[in-house]
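> So the sequences go chain by chain: V and P. Per the numbering used here, the first sequence starts with residue 1, numbered consecutively. Per the numbering used here, the second sequence starts with residue 1001, numbered consecutively. Just passing along the structure, written as structure tokens.
Protein chains: 2
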Amino acid sequence: MDDAFELREFLPYLLNQAAERSGLAFQKHYKDRYGMLRTEWRVLFHLGRYGALTAKEIGAMARVHKTKISRAVVALEAKRFLSREEMEHDRRHERLQLTAAGAAAFKEICAAAQDFDQRLTARFRPEDVRVLKACLTQIAEFEMATKI
Amino acid sequence: MDDAFELREFLPYLLNQAAERSGLAFQKHYKDRYGMLRTEWRVLFHLGRYGALTAKEIGAMARVHKTKISRAVVALEAKRFLSREEMEHDRRHERLQLTAAGAAAFKEICAAAQDFDQRLTARFRPEDVRVLKACLTQIAEFEMATKI
DNA sequence: CGATATTAGTTGTTTTTGTAACTAACAAGG
DNA sequence: CCTTGTTAGTTACAAAAACAACTAATATCG
């Protein structure tokens, strides 16, 4: 047997567990409070942080598939958190923009996120947090082409 | 605006991205090759690594809900990777055990996992890997009671 | 005992995701 | 203009996950 191999040492497993644990803890701020799904919160975030964007731009920035974006936009629109506007020069594109209510929700969730992140990272030494985030960023950005 | 807040700096987001990226890259070893889902691979792992167990024990060790375990067991049994046996002293429990084919699959996927983990961590300095894994373990183990 | 509560595991139903096919708008070459 | 191709976004359907209700076996306590 390939002894000594422990799932708890296996990076994809650890990443999954940590992601699930922290994601579940944070979702109360957008799910319980606003009935949003994670993709909806990500779309809201991008519009709040970067201003009006098209669905495609959000998908590229957030690494989310266009069908998920499409459904999130429908849901956010139903909640009156965003408005869509066809662009004159190319009617395939839609300019998405937060409403005042959407901007308010963005602001509140963002503040909660910053606070959450601080409380989470406060458990570690600052230099370890730096290492952690750097490693995660690198893993997240490995290109699909890059054979892991 | 609560400026400067970037999703790419937000730990739950980073964790999710890294987990998704690495999990997707690894699944070829159990999904493409054996048609298993992730939960099936986790159940297979626990039986291969720790010997015969009940569904409940696996669920507790792997932090997986009993309905997911139940369905994974059905699927693994259909693939002839495990056998079930009612326990005499309490017929509610089932002793789950890998078949020879199951053990062979376990062995192969385990070897692939070790190799995968090594190639993944080889990109970082050993001390950074230690920090990374320690942080992830700690985040994953925060008790639900522990208000993050 | 016999009623009630627990426990292990299963099944059914609803959400959510993934994937592929689709529509409408535009682009480009003949 | 008029095929052919491409792009943004939607829809439809299948796979998977989440959650709740269920069954069968055992435990507990009057």
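We treat Cβ as the ideally placed atom computed from N, Cα and C, and that holds for glycine.
Please report how far the alpha carbon of Val-1043(P) lies from the alpha carbon of Gln-1097(P), in whole angstroms.
The residue given as residue 1043(P) occupies position 43 in the second sequence. The residue given as residue 1097(P) occupies position 97 in the second sequence. One C-alpha to the other measures close to 10 Å.
> If you check the beta carbons only, do Glu-94(V) and Arg-80(V) fall under 7 Å apart?
As a working mapping, residue 94(V) is identified with position 94 in the first sequence. As a working mapping, residue 80(V) is identified with position 80 in the first sequence. Contact annotation: Glu-94(V) and Arg-80(V) have beta-carbon atoms that are not nearer than 7 Å.
> Going by CA-CA distance only, name the one from Leu-1120(P), Phe-1142(P), Asp-1090(P) that's closest to Ser-1022(P).
Position 22 of the second sequence, counting from 1, holds the residue named residue 1022(P). Here the closest residue by C-alpha is Leu-1120(P).
> Just the chain V side, please: which residues come within less than 8 Å of Val-1133(P) by C-beta, in chain order?
Here residue 1133(P) is taken as the residue at index 133 of the second sequence, counted from 1. Before going on, a small fix: residue 1133(P) reads as Lys here, not Val. Near Lys-1133(P) (Cβ distances below 8 Å), the residues of chain V are Glu-9, Leu-11, Leu-14.
> Check the DSSP bridge columns for Leu-44(V) and list the partner residues they point to.
Along the first sequence, one-based indexing puts residue 44(V) at 44. Bridge partners of Leu-44(V): none, in fact.
> Please report the straight-line C-alpha distance between Pro-1126(P) and Cys-1135(P), rounded to a whole angstrom.
Residue mapping note: residue 1126(P) aligns to position 126 of the second sequence, counting from 1. Residue mapping note: residue 1135(P) aligns to position 135 of the second sequence, counting from 1. The straight-line gap from Cα to Cα measures roughly 14 Å.
> In the DSSP output, which residue or residues are listed as bridge partners for Met-87(V)?
Residue numbering aside, residue 87(V) sits at position 87 when the first sequence is read from its first letter. Answer is Asp-90(V).
> Would you decide whether Ala-1004(P) is buried or exposed? Buried here means 16 or more other CB atoms lie within 10 Å of its CB.
Stepping through the second sequence from its first residue, residue 1004(P) is reached at position 4. Exposed, by the Cβ-count rule.
> What's the C-alpha gap between Phe-1010(P) and His-29(V)?
As a working note, residue 1010(P) is residue 10 in the second sequence. As a working note, residue 29(V) is residue 29 in the first sequence. So the alpha carbons of these two residues sit roughly 14 Å apart.
> Going along chain V, which residues have a C-beta under 7 Å from Leu-1136(P)?
Residue 1136(P) sits at position 136 when you count from the first residue of the second sequence. Contact annotation for Leu-1136(P) against chain V: Leu-14, Leu-15, Ala-18 [CB-CB distance below 7 Å, chain order].
> Report the three-state DSSP secondary structure of Arg-95(V) (helix, strand or coil).
On the first sequence, residue 95(V) is found 95 positions in, with the first residue counted as 1. Note: Arg-95(V) maps to strand in three-state DSSP.
> So with Cβ pairs under 7 Å, would you call Asp-117(V) a contact of chain P?
The residue given as residue 117(V) occupies position 117 in the first sequence. Yes, its Cβ sits closer than 7 Å to a Cβ of chain P.
> Is it a yes or a no for the stretch 98 to 114 of chain V touching the stretch 1110 to 1118 of chain P, going by three-plus beta-carbon pairs under 8 Å?
no
> I believe Glu-108(V) touches Ala-72(V) by the beta-carbon criterion, under 8 Å. Please report the beta-carbon distance rounded to the nearest angstrom.
Within the first sequence, residue 108(V) is the residue found at index 108, counting from 1. Within the first sequence, residue 72(V) is the residue found at index 72, counting from 1. Actually they do not touch by this definition, with Cβ atoms about 18 Å apart.
> So, with DSSP's three-state summary, where would you put Leu-132(V)?
Counting from one through the first sequence, the residue named residue 132(V) turns up at place 132. Leu-132(V): helix per DSSP, three-state reduction.
> Which residue from Gln-138(V), Asn-16(V), Phe-124(V), Asp-128(V) puts its Cα closest to that of Phe-1124(P)?
Here the question's residue 1124(P) lines up with position 124 in the second sequence. Residue Gln-138(V) is the option with its Cα nearest to Phe-1124(P).
> For Lys-1133(P), is the classification buried or exposed, using 16 other Cβ atoms within 10 angstroms of its Cβ as the cut-off for buried?
Against the second sequence, residue 1133(P) aligns to sequence position 133. So Lys-1133(P) counts as buried.
> Going by DSSP, what residue range makes up the alpha helix (DSSP H) through Val-1073(P)?
Locating residue 1073(P) in the second sequence gives position 73, counting from the first residue. Counted as a single uninterrupted DSSP element, the alpha helix (DSSP H) harbouring Val-1073(P) occupies residues 1066 to 1078.
> Any Cβ of chain V within less than 7 Å of the Cβ of Leu-1120(P)?
By 1-based counting over the second sequence, the position of residue 1120(P) is 120. For Leu-1120(P), the answer is yes, since a Cβ of chain V falls inside 7 Å of its Cβ.
> Looking at the C-beta of Ala-104(V), does it have a partner C-beta in chain P at a distance below 7 Å?
Looking up residue 104(V) in the first sequence gives position 104. Closer than 7 Å: no.
> Assuming Ala-1151(P) contacts Leu-14(V) (C-beta within less than 8 Å), just tell me the rounded distance between them.
The question about residue 1151(P) has no answer, for chain P in this structure spans 1001 to 1148.
> For Ile-1069(P), which residues in chain V fall below 8 Å Cβ to Cβ?
As a working note, residue 1069(P) is residue 69 in the second sequence. Proximity of chain V to Ile-1069(P) at the Cβ level (cut-off 8 Å) is not reached, the minimal Cβ distance being about 15 Å.
> Of all the CB atoms in chain V, is at least one closer than 7 Å to the CB of Gln-1114(P)?
Residue 1114(P) sits at position 114 when you count from the first residue of the second sequence. Answer yes: the Cβ-Cβ gap between Gln-1114(P) and chain V drops below 7 Å somewhere.
> Using the C-alpha atoms, what's the distance from Ala-1055(P) back to Ala-1104(P)?
Locating residue 1104(P) in the second sequence gives position 104, counting from the first residue. Locating residue 1055(P) in the second sequence gives position 55, counting from the first residue. If you take the alpha carbons of Ala-1104(P) and Ala-1055(P), they lie about 21 Å apart.
> Helix, strand or coil for Leu-82(V), going by three-state DSSP, please let me know.
Residue numbering aside, residue 82(V) sits at position 82 when the first sequence is read from its first letter. Secondary structure at Leu-82(V): strand, using DSSP grouped into helix, strand and coil.
> Which value, in whole angstroms, describes the spacing of the CA atoms of Thr-1099(P) and Ala-1062(P)?
Taking the second sequence and counting its residues from 1, one reaches residue 1099(P) at position 99. Taking the second sequence and counting its residues from 1, one reaches residue 1062(P) at position 62. Distance between the alpha carbons of Thr-1099(P) and Ala-1062(P): 21 Å.
> In whole angstroms, what is the alpha-carbon distance linking Arg-38(V) and Arg-1038(P)?
Counted from its first residue, the first sequence places residue 38(V) at position 38. Counted from its first residue, the second sequence places residue 1038(P) at position 38. Rounded to whole angstroms, Arg-38(V) to Arg-1038(P) spans 21 Å at the Cα level.
> Do we get a CB-CB distance below 7 Å when we pair Arg-130(V) with the residues of chain P?
Mapped onto the first sequence, residue 130(V) falls at position 130. Output row for Arg-130(V): interface = no.
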